[in-house]
Amino acid sequence: MQRLRKIIGVSAVVALAIVVLHLAHTHALEPLRAQVEGMGVWAPLGIVALRGVSILLPALPSTAYSLLAGALLGFETGLITIFITDLVFCQIAFLVAKRFGQKPVRALVGEKASKRIESFNQSQIEGNPFFLTGLLMTGLFDFVSYAAGLGGTKWKIFTPALIISVALSDPPIVALGAGVFSGGKLMLGLALLGVFALALVAGLVKKYQRKTT
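Numbering (our numbering), first residue to last: 60 to 272.
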């Protein structure tokens, strides 16, 4: 019953997001897209900056920038932009935490976010690359990047997990933004399937985390 409620909740959120995005497309997006095309390379760089800051400061929402990238830049350009941004800035978060430790991280992200980072079980992250990959596929990937660095996870373990997670989790969100705003039914359908798959992965990760703590 609880799982059914979660599925219904996720479905409701996705449906609401589609309605809002469709209204935005109808009334506001076309003029904005025209302006973005006129900006050239500065548009992707702007999204890189916004997404990057939201990763280094986990209190800020980052998923919205994946949707925005798909909506404004199209699927291919948007995906490349988000993929590179996630790889670079998650690596920065990991290396800052690994090199400088807990105090600078707390000063950077704030007390509340720091407690969230410290809540991850370091033995789970270090000892199970598959679990680490699953965590990085959830909406907590920015927190997990800091937590892996603080916990002493080796770079050669973190980096493949990050690449795999970004390659699997970024396309559905970017495609959702691109599909809704372009009216592409096939892309939108595949994006929704991908979003549901990510929700299932997040549920399995949380279940495993509870079971092993």
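Just so it is clear, CB atoms sit at the ideal spot from N, CA and C, and this is done for glycine as well.
- DSSP, reduced to helix, strand and coil, places residue 196 outside both helices and strands of the structure shown, so it counts as coil.
- Rounded to the nearest angstrom, the gap between the Cα atoms of residue 221 and residue 174 is 22 Å.
- Taking the Cα positions, residue 155 is about 13 Å away from residue 203.
- For residue 111, the enclosing alpha helix (DSSP H) stretches over residues 101-115.
- At the C-beta level, residue 161 and residue 209 come within 8 Å of one another.
- Contact between residue 224 and residue 200 holds: their C-beta atoms lie close to 7 Å from each other, under 8 Å.
- Bounds of the alpha helix (DSSP H) holding residue 122 are 122-132.
- Taking a contact to require three or more Cβ pairs closer than 8 Å, the region 210-218 and the region 101-121 do not qualify as touching.
- DSSP places residue 178 outside both helix and strand once states are collapsed to three, so it counts as coil.
- A buried status is given to residue 233, since no fewer than 16 other beta-carbon atoms sit within 10 Å of its beta-carbon.
- Here the alpha carbons of residue 151 and residue 137 stand approximately 21 Å from one another.
- As the crow flies, the alpha-carbon of residue 227 is around 22 Å from that of residue 179.
- Annotation: the continuous alpha helix (DSSP H) that includes residue 162 extends over 161-168.
- Note on geometry: alpha-carbon atoms of residue 153 and residue 108 lie some 18 Å from one another.
- Excluding five sequence positions before and after residue 129, the CB atoms of its chain that fall closer than 7 Å to its own CB belong to 137, 233, 234, 235, 236, 237, given in chain order.
- The DSSP-derived three-state label of residue 171 is helix.
- Take residue 207, set aside five residues on each side of it, and the residues of its chain with a beta-carbon closer than 7 Å to its own are 153, 184, 191, 217, in chain order.
- The Cβ-Cβ distance between residue 110 and residue 141 falls below 8 Å.
- The criterion of a C-beta distance shorter than 8 Å is satisfied by residue 131 and residue 102.
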